[in-house]
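Data block below; observations after.
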Amino acid sequence: MAAYILRRLLLIVPTLFGMMLISFVIIQFAPGGPVERVIAQLSGTDVAATARIGGGQGGDFGGARPQTGTAGEGGGTSRYRGAQGLDPEFIKKLEQQFGFDKPAYHRFGLMIWNYIRFDFGQSYFRDVSVIDLIIEKMPVSITLGLWMTLLSYGISIPLGIAKAVRDGSRFDIWTSGVIVIGYAIPGFLFAILLVVLFAGGSYWDVFPLRGLTSENFSLLPWYAKILDYLWHIILPIISMAVGAFATTSLLTKNSFLDEIRKHYVITARAKGLGEREVLYGHVFRNAMLIVVAGFPGAFLGAFFAGALLIEQIFSLDGLGLLSFESVVNRDYPVVFANLYIFGLLGLLINLLSDLTYTWIDPRIDFETREV
4 MAAYILRRLL
14 LIVPTLFGMM
24 LISFVIIQFA
34 PGGPVERVIA
44 QLSGTDVAAT
54 ARIGGGQGGD
64 FGGARPQTGT
74 AGEGGGTSRY
84 RGAQGLDPEF
94 IKKLEQQFGF
104 DKPAYHRFGL
114 MIWNYIRFDF
124 GQSYFRDVSV
134 IDLIIEKMPV
144 SITLGLWMTL
154 LSYGISIPLG
164 IAKAVRDGSR
174 FDIWTSGVIV
184 IGYAIPGFLF
194 AILLVVLFAG
204 GSYWDVFPLR
214 GLTSENFSLL
224 PWYAKILDYL
234 WHIILPIISM
244 AVGAFATTSL
254 LTKNSFLDEI
264 RKHYVITARA
274 KGLGEREVLY
284 GHVFRNAMLI
294 VVAGFPGAFL
304 GAFFAGALLI
314 EQIFSLDGLG
324 LLSFESVVNR
334 DYPVVFANLY
344 IFGLLGLLIN
354 LLSDLTYTWI
364 DPRIDFETRE
374 V
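In the numbering used here, each residue's number is its place in the sequence shown (first place is 1) plus 3.
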């Protein structure tokens with residue numbers, strides 16, 4: 004097992020490198036960039052970073068944040084749309100401050116070298132380092148991701164097992180109806196419904212609409228802090244768990260049904276084993292493998308991208324919203340730092356998922372497999 008873990012850890016390096024390289028190349032052909040955004044702001048236009056930039060400009064290249072000020076008038080043409088009337092020397096200085104005066108391969112190499120040392124530089128448009136910005140947004144994303152995962156798996160797995168055991172019964176039929184409806188409803192629409200019903204939209208004002216805690220949170224006793232925290236996260240967590248709850252429940256049920264119909268279950272029953280011993284002593288280990296396989300994607304989806312619309316609706320400032328705003332604003336240090344960190348986390352969680360296989364079913368031996 005140690006050799007397998009070592010091989011998987013070594014494979015993380017080229018996988019992460021390839022992911023960053025492909026993303027970097029794509030950014031080179033994307034329209035707009037930080038320089039174009041600054042020009043748009045200085046020229047008073049509403050469109051930010053819309054022009055395609057010759058030679059490309061993207062990535063976290065260690066460039067300093069631009070110094071704002073008035074641009075001198077100057078003639079000549081510019082490769083940036085909206086740059087007419089700005090001094091070419093000012094544009095050149097702006098490129099140097101962002102680091103775009105260097106060749107693309109140099110910028111990419113510098114980015115990778117800094118990221119290896121977990122140095123993510125400064126945000127282009129915020130007066131804060133990227134790592135401090137990510138840490139600042141972490142509490143919201145950790146709250147949403149962990150609670151959603153615990154809720155969806157904690158309820159879905161027992162429900163899926165109960166549906167498999169009672170396949171075709173009334174319980175199975177009406178719970179399937181509820182699950183299908185939950186799966187069909189987008190999380191953000193369900194969130195809007197909850198806001199309208201319970202957050203002062205049109206009916207009851209029971210739950211707060213923004214933030215993780217109240218303004219007087221620090222003054223509350225410890226038990227009141229816990230209740231205040233739970234009071235704030237109930238609606239966002241329920242909104243996020245609806246789709247995941249439905250998917251995991253059906254996946255668990257189908258997996259257990261597939262295993263229950265196999266010959267080894269019939270043999271175990273013929274030997275006189277009770278249903279509970281057959282279910283949890285034999286079926287559970289095999290049926291749970293496919294559920295465990297989906298855990299990394301579900302966790303990262305809840306932790307990162309899946310929370311974007313929910314964060315918007317409930318005014319929660321987390322990593323999903325930060326990443327979206329960074330892409331729109333062409334804040335490339337934040338974009339690439341999030342990609343690097345969550346890519347690394349995803350690869351490590353996939354390895355953890357494989358190791359969980361062996362814990363659930365010791366018969367699985369990754370040592371005999373070629374990676």
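Idealized CB from N, CA, C, for every residue including glycine.
Cβ-Cβ distance between residue i and residue j below 7 Å
i, j, result
"residue 190", "residue 242", "yes"
"residue 42", "residue 151", "no"
"residue 140", "residue 325", "yes"
"residue 126", "residue 133", "yes"
"residue 148", "residue 245", "no"
"residue 215", "residue 206", "no"
"residue 159", "residue 217", "no"
"residue 124", "residue 336", "yes"
"residue 359", "residue 295", "yes"
"residue 210", "residue 238", "yes"
"residue 293", "residue 258", "yes"
"residue 231", "residue 220", "yes"
Length of the line joining the Cα atoms of residue i and residue j
i, j, result
"residue 272", "residue 287", "15 Å"
"residue 339", "residue 6", "31 Å"
"residue 177", "residue 270", "32 Å"
"residue 8", "residue 187", "39 Å"
"residue 328", "residue 26", "17 Å"
"residue 162", "residue 290", "14 Å"
"residue 101", "residue 107", "13 Å"
"residue 235", "residue 311", "17 Å"
"residue 346", "residue 316", "26 Å"
"residue 182", "residue 155", "12 Å"
"residue 330", "residue 322", "12 Å"
"residue 228", "residue 136", "25 Å"
"residue 138", "residue 122", "14 Å"
"residue 168", "residue 279", "10 Å"
"residue 233", "residue 249", "23 Å"
"residue 202", "residue 223", "22 Å"
"residue 67", "residue 116", "Confidence in residue 67 is poor, its pLDDT being 40 and thus under 50, which makes the residue's placement too unreliable to answer from."
"residue 63", "residue 15", "Caution is warranted here: a pLDDT of 41 is assigned to residue 63, below 50, making its placement in the model unreliable, and no coordinate value can be reported."
"residue 175", "residue 254", "14 Å"
"residue 195", "residue 212", "11 Å"
"residue 197", "residue 352", "32 Å"
"residue 91", "residue 341", "33 Å"
"residue 173", "residue 4", "46 Å"
"residue 93", "residue 109", "23 Å"
"residue 361", "residue 281", "20 Å"
Range covered by the alpha helix (DSSP H) that runs through residue i
i, result
"residue 153", "133-168"
"residue 218", "Element bounds for residue 218: n/a, residue is neither H nor E."
"residue 27", "5-31"
"residue 236", "225-263"
"residue 175", "173-187"
"residue 283", "Unbroken run through residue 283: none, as it is neither H nor E."
"residue 91", "91-101"
"residue 35", "That residue, residue 35, is in no alpha helix (DSSP H); it is neither H nor E in DSSP."
"residue 272", "266-273"
"residue 202", "Taken as a continuous stretch (DSSP letters only), residue 202 belongs to no alpha helix (DSSP H), as it is neither H nor E."
"residue 125", "Careful: residue 125 lies outside any alpha helix (DSSP H) and carries neither H nor E."
"residue 110", "107-119"
"residue 327", "322-331"
"residue 312", "311-316"
Chain B within 7 Å of residue i, Cβ atoms only
i, result
"residue 311", "Absent from the structure: chain B. Only one protein chain is present."
Environment of residue i [buried if 16+ CB atoms lie within 10 Å]
i, result
"residue 404", "Absent from the structure is residue 404, since the part of the chain shown begins at 4 and ends at 374."
"residue 180", "exposed"
"residue 256", "buried"
"residue 264", "exposed"
"residue 285", "buried"
"residue 313", "buried"
"residue 23", "buried"
"residue 29", "exposed"
"residue 95", "exposed"
"residue 32", "exposed"
"residue 21", "exposed"
"residue 17", "exposed"
"residue 274", "exposed"
Distance between beta carbons of residue j and residue i, contact taken as under 8 Å
i, j, result
"residue 350", "residue 13", "Wrong, their Cβ atoms sit about 11 Å apart, outside the cutoff."
"residue 38", "residue 97", "5 Å"
"residue 354", "residue 11", "5 Å"
"residue 128", "residue 334", "5 Å"
"residue 343", "residue 118", "5 Å"
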